[in-house]
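Enquirer: The structure under discussion is supplied below as structure tokens; questions concerning it will follow.
Numbering (my numbering), first residue to last: 147 to 309.
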């Protein structure tokens, strides 16, 4: 099964650092903040550090849990930084050089967060990167990522999340 058959993928809002603020605007997960502050963690949407001060189309606003993935890295071996955002009533967006992954099942999303942290899955994702000085994964390639050894059973997913 391909990732895009299991989840929804959201393209980012282009978020120049000049339009990020700590006080005003909508919460924004920027790729640099994932590398610096959030990698491998679960954060509440209210605890997202930056805000984006420009207008945002309503269809780009996230009001659910998500996994935010940077689509760019300086080295192939450094690709694989993900953050799980737990929606706690504070709307947010995914910013430049990120994909947001959402789905109807919180359990599935939590399981996928763990799944993507597995070394073999990170290595498989790294093979999809393109570039020579900066490496990037396209949304099409990311969505086509085959979910190998994926546990469909909810009880198995819950066991993996809880351990």
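C-beta atoms are modelled at their ideal positions from N, C-alpha and C, and glycine is treated no differently. Nothing here was measured: the structure is a model prediction, and the numbers come from that model.
Using a Cβ-Cβ cutoff of less than 8 Å, which residues in the same chain neighbour residue 293 once the five nearest sequence positions on both sides are dropped?
Expert: So the list reads 147, 148, 149, 152 and 261, once near-sequence residues are dropped.
Enquirer: Should residue 159 and residue 227 be called a contact, given that it needs their Cβ atoms to be closer than 8 Å?
Expert: For residue 159 and residue 227, no; Cβs fall outside 8 Å.
Enquirer: Rounded to whole angstroms, what's the CA-CA distance from residue 169 to residue 196? Just pull it up for me.
Expert: Those two C-alpha atoms are separated by around 8 Å.
Enquirer: Let me confirm a value: residue 107 is counted as buried when at least 16 other C-beta atoms fall within 10 Å, else exposed. Which label applies?
Expert: For the chain, the structure presents residues 147 to 309; residue 107 sits outside this window and is missing.
Enquirer: Taking residue 184 as the reference, which of 156, 206 and 230 has the closest Cα?
Expert: The option with the nearest alpha carbon to residue 184 is 230.
Enquirer: Take residue 202 as the anchor and find which of 308, 173 and 210 has the nearest alpha-carbon.
Expert: Checking every option, the nearest Cα to that of residue 202 belongs to 173.
Enquirer: With distances taken between CB atoms, is the gap from residue 218 to residue 280 smaller than 8 Å?
Expert: In this structure, residue 280 lies closer than 8 Å to residue 218 by Cβ.
Enquirer: Leaving out five residues on either side along the sequence, give the residues of the same chain with a beta carbon under 7 Å from the beta carbon of residue 165.
Expert: These residues qualify, in order along the chain: 198, 199 and 200.
Enquirer: Could you check how far apart the C-beta atoms of residue 253 and residue 187 are, in whole angstroms? I think they sit under 8 Å.
Expert: Actually they are not in contact, since the Cβ atoms of residue 253 and residue 187 sit about 19 Å apart, beyond 8 Å.
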